[in-house]
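Colleague: This is the structure I want to talk about, given as C-alpha cells.
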Amino acid sequence: MRILMIAGNWKMNTTVSEAVKLVNEMRQGLDEIANVDKVVCPPFVSLAAVKEIIKGSSIKLGAQNLYFEEKGAYTGEISPLMLADLCEYVIIGHSERRQYFHEAGDIVNKKVRAALKVELKPILCVGERLEENEAGRTEEVVAEQLRSSLAGIDSLGDLTIAYEPIWAIGTGRAATGRWADETIGFIRRSITKLYTESVAQGIRILYGGSVTADNATEFMEQPEIDGALVGGASLKAEQFLSIIKQTSEARGRLSS
Ligand code: 13P
Numbered sequence: 012m013r014i015l016m017i018a019g020n021w022k023m024n025t026t027v028s029e030a031v032k033l034v035n036e037m038r039q040g041l042d043e044i045a046n047v048d049k050v051v052c053p054p055f056v057s058l059a060a061v062k063e064i065i066k067g068s069s070i071k072l073g074a075q076n077l078y079f080e081e082k083g084a085y086t087g088e089i090s091p092l093m094l095a096d097l098c099e100y101v102i103i104g105h106s107e108r109r110q111y112f113h114e115a116g117d118i119v120n121k122k123v124r125a126a127l128k129v130e131l132k133p134i135l136c137v138g139e140r141l142e143e144n145e146a147g148r149t150e151e152v153v154a155e156q157l158r159s160s161l162a163g164i165d166s167l168g169d170l171t172i173a174y175e176p177i178w179a180i181g182t183g184r185a186a187t188g189r190w191a192d193e194t195i196g197f198i199r200r201s202i203t204k205l206y207t208e209s210v211a212q213g214i215r216i217l218y219g220g221s222v223t224a225d226n227a228t229e230f231m232e233q234p235e236i237d238g239a240l241v242g243g244a245s246l247k248a249e250q251f252l253s254i255i256k257q258t259s260e261a262r263g264r265l266s267s
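This is how it looks when you write it as C-alpha cells:
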C-alpha cells in the first residue's frame, strides 16, 4: 500500500523568524504521527533554519522550485545541487509558476530531469483552469501536462504527482472528493500508458486546492488519493496538524 503524504506548500509566506516559529509549533505534533509522510516546503531562505529544527524528527523538507542548470551565470536562481544538500523534495510545475513565470511543459520537463539527476524527489503539479474544466477538457489538459513534463524520462525515481485544479487553489472552492478521486484515477491510468501498471500503482498522487481541516477526511477516504498538497492551511500549525491526523485515521480505516 502507498504511504500517504501531506505536504505543506508555504508559497511566498513567512520571514525566516516566522518560519522558525511555525515549524516549532508543528514539530512535536507532526512527529507523533507515524503512518503518514509529512513534508514542509518553506521559502528557499528558510530551508536551512527549518532543517535545523526538524533534525532528528520524522518531518521532511521540500523546496518550492529549482532551476534546471547545476551552476553558473544565472543570477538569482537556485540549483538542484544546492537543494540536494538541504532537502529531500522539490515542488515542480506549480500552476502559479506556470501562470506567473510562464513555465511551460519543456521547462517543467528540464526541472524534473534536473531534480531526478541529483536524487531530489519531485512533486510534479498538474491541473486544469476553470474554463478548461467547464469545457469538459480536464482529462485532455492533464494528459498533455503529464506527457510534456515527463517526455523522455525513463525512470521516475521517487516522483509524486499533485493534481491541483487551478479553480480550487486559494479559492475556498475545493473539488469534491469524488471529482478528485476520478481525476486522479485518470492520472494513474495515464501513467500506466506512459510507463507500466506497476509504476502507476507505486506512484503517489496527491490532491491540492483549498484542502482544510474541515474537508480533509473527504479526500483522504478516497481510494485513489494518496494525500494532499496544502497551501493556506499549512500556514496554521493547528490546521495542518488536524489535516495530518485525519489522514492518518483515514489510512487506518482504509487498510483495516
Ligand atoms: P490552497 O490550499 O491555499 O488552495 O493552495 C493549494 C496549493 O496550491 C498547494 O500547492
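Each residue of the sequence shown is one higher than the last, beginning at 12 in the numbering used here.
All C-beta atoms in this analysis are idealised placements derived from N, C-alpha and C, irrespective of residue type, glycine included.
1. Along the chain, which unbroken stretches of the beta strand (DSSP E) at least 3 residues long are found entirely within the region 23-83?
2. What first and last residue would you give for the beta strand (DSSP E) that runs through Thr182?
3. Flag Leu240 as yes when its Cβ comes closer than 7 Å to any non-hydrogen atom of the ligand 13P, and as no otherwise.
4. Using DSSP with H/G/I as helix, E/B as strand and the rest coil, what is Arg215?
5. Could you compute how far the alpha carbon of His105 sits from the alpha carbon of Val137?
6. Confirm the yes/no value for this check: CB of Ala186, any heavy atom of the ligand 13P, distance under 7 Å.
7. Just to check my reading of the structure: Leu94 and Leu131 have Cβ atoms closer than 8 Å, yes? What is that Cβ distance to the nearest angstrom?
8. Within the present structure, is the beta-carbon of Gly104 separated from the nearest heavy atom of the ligand 13P by less than 7 Å?
9. Between the region 211-231 and the region 141-159, do three or more beta carbon pairs fall short of 8 Å?
10. Taking the C-alpha atoms as reference points, what is the distance between Glu193 and Leu135?
11. Between which two residues does the beta strand (DSSP E) containing Met12 stretch?
12. Checking 8 Å against the spacing of the C-beta atoms, do Lys247 and Ile44 come in under that value?
13. Use the C-beta contact count for Glu139: other C-beta atoms within 10 angstroms, 16 or more gives buried, fewer gives exposed.
14. Using alpha carbons as the reference points, say which of Lys122, Leu265 and Glu229 lies closest to Thr187.
15. Would you tell me roughly how many angstroms separate the C-alpha atoms of Met12 and Gln156, rounded to the nearest one?
16. Using C-beta distances below 6 Å, list every residue in its chain close to Arg262, excluding the 5 sequence neighbours before and after it, in chain order.
17. What does a CB cutoff of less than 7 Å around Ile64 pick up in its chain, not counting 5 residues either side in sequence?
Modeller: Taking the structure as given:
1. 47-52 and 70-74
2. If you number the sequence shown from 1, residue 182 lands on position 171. Counting along the chain, Thr182 falls outside any beta strand (DSSP E), and DSSP gives it neither H nor E.
3. The residue given as residue 240 occupies position 229 in the sequence shown. It does: the Cβ of Leu240 is within 7 Å (strictly closer) of some heavy atom of the ligand 13P.
4. In the sequence shown, residue 215 corresponds to position 204, counting from 1. In the structure shown, Arg215 sits in a strand (DSSP, three-state: E or B).
5. Position 94 of the sequence shown holds residue 105. Position 126 of the sequence shown holds residue 137. Going from the Cα of His105 to the Cα of Val137 covers about 7 Å.
6. As a working note, residue 186 is residue 175 in the sequence shown. Not so, every heavy atom of the ligand 13P lies at least 7 Å from the Cβ.
7. Along the sequence shown, one-based indexing puts residue 94 at 83. Along the sequence shown, one-based indexing puts residue 131 at 120. At roughly 6 Å, the Cβ-Cβ gap stays under 8 Å, so Leu94 and Leu131 are in contact.
8. One-based indexing of the sequence shown puts residue 104 at position 93. No, the beta carbon of Gly104 sits no closer than 7 Å to any heavy atom of the ligand 13P.
9. no
10. As a position in the sequence shown, residue 193 is number 182, starting the count at 1. As a position in the sequence shown, residue 135 is number 124, starting the count at 1. C-alpha separation (whole angstroms): 18 Å.
11. Working through the sequence shown from its first residue, we reach residue 12 at position 1. First-last for Met12: undefined, no H or E at that position.
12. What you label residue 247 is simply residue 236 of the sequence shown in a count that begins at 1. What you label residue 44 is simply residue 33 of the sequence shown in a count that begins at 1. Result no, Cβ atoms of Lys247 and Ile44 do not sit closer than 8 Å.
13. By 1-based counting over the sequence shown, the position of residue 139 is 128. Glu139 comes out buried.
14. The sequence position of residue 187 within the sequence shown is 176, counting from 1. Cα-wise, what sits closest to Thr187 is Glu229.
15. As a working mapping, residue 12 is identified with position 1 in the sequence shown. As a working mapping, residue 156 is identified with position 145 in the sequence shown. Straight-line Cα distance between these residues: approximately 26 Å.
16. Within the sequence shown, the letter at position 251 stands for residue 262. Answer for Arg262: Leu15 and Asn46, listed in chain order.
17. Along the sequence shown, one-based indexing puts residue 64 at 53. So the list reads Val31, Val34, Asn35 and Arg38, once near-sequence residues are dropped.
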